[in-house]
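*Asks:* From first to last, the protein sequence lines are chains G and Y. Those letters in the first sequence? Residues 1 to 305, per this note's numbering, in order. Those letters in the second sequence? Residues 306 to 812, per this note's numbering, in order.
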Amino acid sequence: MLNFILRRAGIGVLVLMAVSILAFALTNAAIDPAAAIAGDSASADDIQAIRELYGFDRPLHIQFFAWAQDILSGDLGQSYRQRRPVSEVVMERLPVTMILGASAFVLALVVAIPLGILAGLRPNSWIDRLALGFAVLGQAIPNFWFALMGIVIFSVNLRMLPASGSDKWQSYVLPAIALAYYAMPTLMRLTRAGMIDTLQSDYIRTARAKGLRPPMVVLKHALRNAILPLVSVAAVQLGMMLGGSVVIETIFAMQGIGYLAWESITLSDPPVVQAIVIIIASFYVLLTLLADIINAWLDPRLRGR
Amino acid sequence: MKLKYILGAAAALALNLHVGPTMAQQSENTLRWTSNVSLTTVDPYFNYNREAMLLNGQLVWDTLIYKTSEGEYLPLLATEWKWVDDQTLEFTLRDDVVWHDGEPFTVNDAVYTFNYISDAENGVNVQSNVNWIAGAEAADENTLRVSLKKPFPAALEYMSTLHAIVPDGFFGDTGQAGANGRLVGTGPYKLAEFVPGDRIRVEASDVYFDGSVKGQPTFDAVVYRTIPDTSTQIAELLSGGVDWIWRVPPDQAEPMSSIPGITVSADETMRISFLSMNLRDIEGGNPLQDIKVRQAIAYAINREQIVEQIVGEGSKVIQSPCFRTQFGCVKDANSIGYDPEKAKALLAEAGYPDGLELKMTSYRSREWTEAVSGFLNAVGIKVSASVLDYSNARDRVVNNQVHMLLGDWGSYGVNDVSALLNNFFTLSEDDMAQDATVSEGLLTAAQTADTDVRMENYDYAVRRIAEQLYWYPLWTHPTTYAYAEALEFQSHPDENPRFFESKWADQ
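Structural data, given as structure tokens:
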């Protein structure tokens, strides 16, 4: 098991290294930080002065190694815009994203799993059709549109919830629903497919033949096996919610790292963009590693792979 | 994005919403406004956004003198000022001003401010706003003397709008605002809360000096919030979450104007759009070096129609490559109008009877770019257009990769053409025309205090740019404001919303 974990962790480190090179190369290709810092009204001389002041005129590989060395020593650099450490900027924003991601994730699981079980128990019934229809809608409706409709109905019309911000708990309701709604279909479909598959297996038939009560059969015996594939997918979904909520956080002006990413891209603040990419990649790597470990623990056959 | 606006507006109208801003903010005498700009620093020098420099800058801090939207200078922190010679300005400072922490404002604060911002090592973002200042000194305890590196007649334009005076030692050793523990200003509002990227709350100062042209504070508090998405900004205004928004897209302004409790107004600004033509040598030849081709391009574009149907209310077609109130701007320097047949004839005369292909870049609006390209296509000029962000579009200009730039410039509200044309026609890498006579005229005008000499040189430069069609002047940009009906608000063409002039109707 330890070998397995070390192997997977090694792959994770390689992924992070590749991401850091890509993040650095792409942000440098896409953004001329000197021009961005100087602003629209800057002359060529202004831009050149900033280029020299910040060291943007050094060869790219030298800038990369200096940056990588800083990252390894725990220094994420200095934000060109905010003129303070990137780690400080990011840490301020992380709690909002964590709360939003966790709320959306729990909401998605709480709705998707029971719905998936019900649909799996009665394939082709009205509830199954309803659940599948819900899943199709969830996949088809863009989340920004869903979010805007939520704002129109609950903020503008009913005035029940704030349209933007992240300073009170009510501000999290609409974004969490919008974010969860996007993740629910996949989780629901997987639970449903897993249930249908498991309920047809021999050991379930045996359990029923032994006279176990149906809830016991479903919840204790079937569900445990049916949700195995859900673990890996849920890890990816949680990663997506923690890192991929750029659109939702931007629409709702929530002070999370998704919004910070958008903000830093539009303000051309490469150190913050690079740090966020690495943090999000780390989330994915850690969650995937965790999912691998849980799966390997549940199914020993996986440990040899 | 446009789809979002349409969907948002359609849904709002379909639901027949009876909306209007809540009265809570009015009873609390607070103004809450929003924009999509994320303010990451609170000081007025390391954030080039208009929101920071002109709004929070002028609420929390004061300049030495104040400039009205008509361009008149009035006393603010200085009671009098004069040019000692063409490189020295002298200001007599008020002696009854205190900082928000109660400390008196002295000449040392002003000396520190100018010496700090003019030092290139300190890295003020827009160096051209400050790099003509040599330094400052106290002539006596109430007199400030600012020395310039060279004659710079537009100095007062900058000093009256952009050069907020900060307390002595304000940036400390770290360069961060308030590093000396005194994050204070002399303005009508004091800083109460700053969350980088999110919000700034300022509250009425109870020590603001009497007799200021800005007047005593009219609100108890003014709160700025960043909301990046325009649809969300509109939703916040409709639901009473904020009281004032600006830069509302024209397609949203119209449905909003029919909503009770909301005032929508579109006003012209100093920002102008222009089609800049590249006359430099390009590999494979450059058709734009022939003035007939440039004229054909100008005759092909129906500016009136674009303004009416796309740019929207508040915009006007311009006939000169500058804004009419700017010093040095010659009225009607260009007389070309829409005439597609003439455009085709000119192309044929220039040796392109079957048309030609040109590359264009722009950075403001895809719709405007497509409209201009469409008119050019109609006379046989096939345009390959790329809409980029400003720095990438500029890169294409600098690297000589395009024939035309559909650009625009706001001049920072500076009422002098040097803030506009000197960026583009002084033989720098941004200069697509590379006309030495225009450059000489502009530089002479910008470095001379003699008004007649300045005007004569600007007259030459502006006319030459227009006649030679280095720029084809297009239109002025409108800004559309939407706000709670109960708010008394007056907009100005320098795109500077002066919140200190606003108040709630019943206050």
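The beta carbon of each residue, even a glycine, is placed where N, CA and C say it ideally should be.
If you compare alpha carbons, which of G/Asp299, G/Arg301, G/Leu286 is closest to leucine 6 of chain G?
*Replies:* Of the candidates G/Asp299, G/Arg301, G/Leu286, the one whose C-alpha sits nearest the C-alpha of leucine 6 of chain G is G/Leu286.
*Asks:* Can you give me the start and stop residues for the beta strand (DSSP E) that valine 507 of chain Y sits inside?
*Replies:* 504 to 509
*Asks:* Mind pulling the chain Y residues with CB within less than 7 angstroms of leucine 60 of chain G?
*Replies:* When 7 angstroms is used as the limit between beta carbons, leucine 60 of chain G is near no residue of chain Y, the shortest such separation being about 16 angstroms.
*Asks:* Name the chain G residues whose beta carbon is nearer than 8 angstroms to that of threonine 784 of chain Y?
*Replies:* Per Cβ cutoff of 8 angstroms: no residues; threonine 784 of chain Y is ~16 angstroms from chain G at best.
*Asks:* Which class does leucine 287 of chain G belong to by DSSP, given the choice of helix, strand or coil?
*Replies:* helix
*Asks:* Measuring CB atoms only, is the stretch 515 to 530 of chain Y touching the stretch 332 to 343 of chain Y, in the sense that at least three cross pairs come out at less than 8 angstroms?
*Replies:* yes
*Asks:* Using 8 angstroms as the threshold, is the C-beta distance between serine 796 of chain Y and serine 570 of chain Y below it?
*Replies:* yes
*Asks:* By DSSP, does tryptophan 809 of chain Y sit in helix, in strand, or in coil?
*Replies:* strand
*Asks:* Arginine 8 of chain G by DSSP, collapsed to three states: which one?
*Replies:* helix
*Asks:* Just to confirm, is the Cβ distance from serine 245 of chain G to glycine 101 of chain G under 8 angstroms?
*Replies:* Yes, Cβ-Cβ distance for serine 245 of chain G and glycine 101 of chain G is below 8 angstroms.
*Asks:* Tell me the rounded alpha-carbon separation between glycine 150 of chain G and arginine 671 of chain Y.
*Replies:* Their backbone Cα atoms lie some 29 angstroms apart in a straight line.
*Asks:* So is lysine 519 of chain Y buried or exposed if we call it buried at 16+ other beta carbons inside 10 Å?
*Replies:* buried
*Asks:* Quick check: the stretch 716 to 736 of chain Y against the stretch 681 to 694 of chain Y, are at least 3 beta-carbon pairs closer than 8 angstroms?
*Replies:* no
*Asks:* Please report the straight-line C-alpha distance between threonine 731 of chain Y and tryptophan 673 of chain Y, rounded to a whole angstrom.
*Replies:* 27 angstroms
*Asks:* Within the continuous beta strand (DSSP E) that includes alanine 443 of chain Y, where are the two ends?
*Replies:* Unbroken beta strand (DSSP E) run through alanine 443 of chain Y: 438 to 445.
*Asks:* Using Cβ-Cβ distances below 8 angstroms, what residues of the stretch 443 to 474 of chain Y are close to chain G?
*Replies:* none
*Asks:* Starting from the C-beta of tryptophan 780 of chain Y, find all residues in its chain whose C-beta is less than 8 angstroms away, skip the five residues before and the five after it, and write them out in chain order.
*Replies:* Ile577, Ser578, Arg608, Ile611, Val612, Val616, Ser620, Lys621, Val622, Ile623
*Asks:* Below 8 angstroms CB to CB, which residues in the same chain sit around glutamate 356 of chain Y once its five sequence neighbours on both sides are set aside?
*Replies:* Within its own chain, the residues whose Cβ lies closer than 8 angstroms to the Cβ of glutamate 356 of chain Y, once the five positions on either side in sequence are excluded, are Ser340, Val342, Leu344, Tyr529, listed in chain order.
*Asks:* Under 6 angstroms Cβ to Cβ from asparagine 762 of chain Y, same chain only, skipping five residues before and after it: list those, please.
*Replies:* Gly746, Thr749, Ala750
*Asks:* At what residues does the beta strand (DSSP E) containing phenylalanine 396 of chain Y begin and finish?
*Replies:* 393 to 398
*Asks:* Output needed in chain order: residues of the stretch 247 to 262 of chain G with a Cβ under 8 angstroms from some Cβ in chain Y.
*Replies:* Thr250, Ile251, Phe252, Ala253, Gln255, Tyr259, Leu260, Trp262
*Asks:* Relative to the alpha-carbon of valine 347 of chain Y, which residue among Y/Val402, Y/Gly480, Y/Asp473, Y/Tyr417 has its alpha-carbon at the smallest distance?
*Replies:* The residue with the shortest Cα to Cα distance from valine 347 of chain Y is Y/Gly480.
*Asks:* What is the rounded straight-line gap between the Cα of alanine 766 of chain Y and the Cα of threonine 742 of chain Y?
*Replies:* Between alanine 766 of chain Y and threonine 742 of chain Y, the C-alpha separation is close to 8 angstroms.
*Asks:* So, helix, strand or coil for glutamate 654 of chain Y, using DSSP?
*Replies:* helix
*Asks:* Leaving out five residues before and five after phenylalanine 24 of chain G in sequence, what residues of the same chain have Cβ atoms less than 7 angstroms from its Cβ?
*Replies:* Phe64, Trp67, Gln274
*Asks:* With DSSP as the reference, label proline 802 of chain Y as helix, strand or coil.
*Replies:* coil
*Asks:* Answer with yes or no whether the minimum CB distance from glycine 192 of chain G to chain Y is below 8 angstroms.
*Replies:* First, the residue type needs correcting, since residue 192 of chain G is arginine and not glycine in the sequence shown. Interface annotation, arginine 192 of chain G: not in contact with chain Y, CB-CB separation never under 8 angstroms.
*Asks:* Pull up the DSSP beta-bridge partners for alanine 526 of chain Y, would you.
*Replies:* Y/Thr335, Y/Glu508
*Asks:* State the start and end residues of the unbroken alpha helix (DSSP H) segment that holds glutamate 426 of chain Y.
*Replies:* Segment: none, glutamate 426 of chain Y is in no alpha helix (DSSP H) and carries neither H nor E.
*Asks:* Provide the residue span of the alpha helix (DSSP H) that contains serine 171 of chain G, from first to last.
*Replies:* Where serine 171 of chain G is concerned, there is no enclosing alpha helix (DSSP H), given that its DSSP letter is neither H nor E.
*Asks:* For the stretch 159 to 172 of chain G, enumerate the residues whose C-beta is nearer than 9 angstroms to any C-beta of chain Y, in chain order.
*Replies:* Close to chain Y, meaning a Cβ-Cβ distance shorter than 9 angstroms, are the following residues of the stretch 159 to 172 of chain G: Arg159, Pro162, Ala163, Ser164, Gly165, Ser166, Asp167.
*Asks:* Which residue from G/Asp197, G/Tyr259, G/Leu72 puts its Cα closest to that of arginine 122 of chain G?
*Replies:* G/Asp197
*Asks:* Please name the residues in the stretch 61 to 82 of chain G whose beta-carbon is closer than 7 angstroms to at least one beta-carbon of chain Y, in chain order.
*Replies:* Arg81, Gln82
*Asks:* Using Cβ-Cβ distances below 7 angstroms, what residues of the stretch 417 to 435 of chain Y are close to chain G?
*Replies:* Within the stretch 417 to 435 of chain Y, the qualifying residues are Ala425, Gly428, Asn430, Val431, Gln432, Ser433.
*Asks:* Chain G beta carbons: is any one of them nearer than 8 angstroms to that of isoleucine 532 of chain Y?
*Replies:* Closer than 8 angstroms: yes.
*Asks:* Which stretch, first to last residue, makes up the beta strand (DSSP E) that contains leucine 453 of chain Y?
*Replies:* 448 to 453
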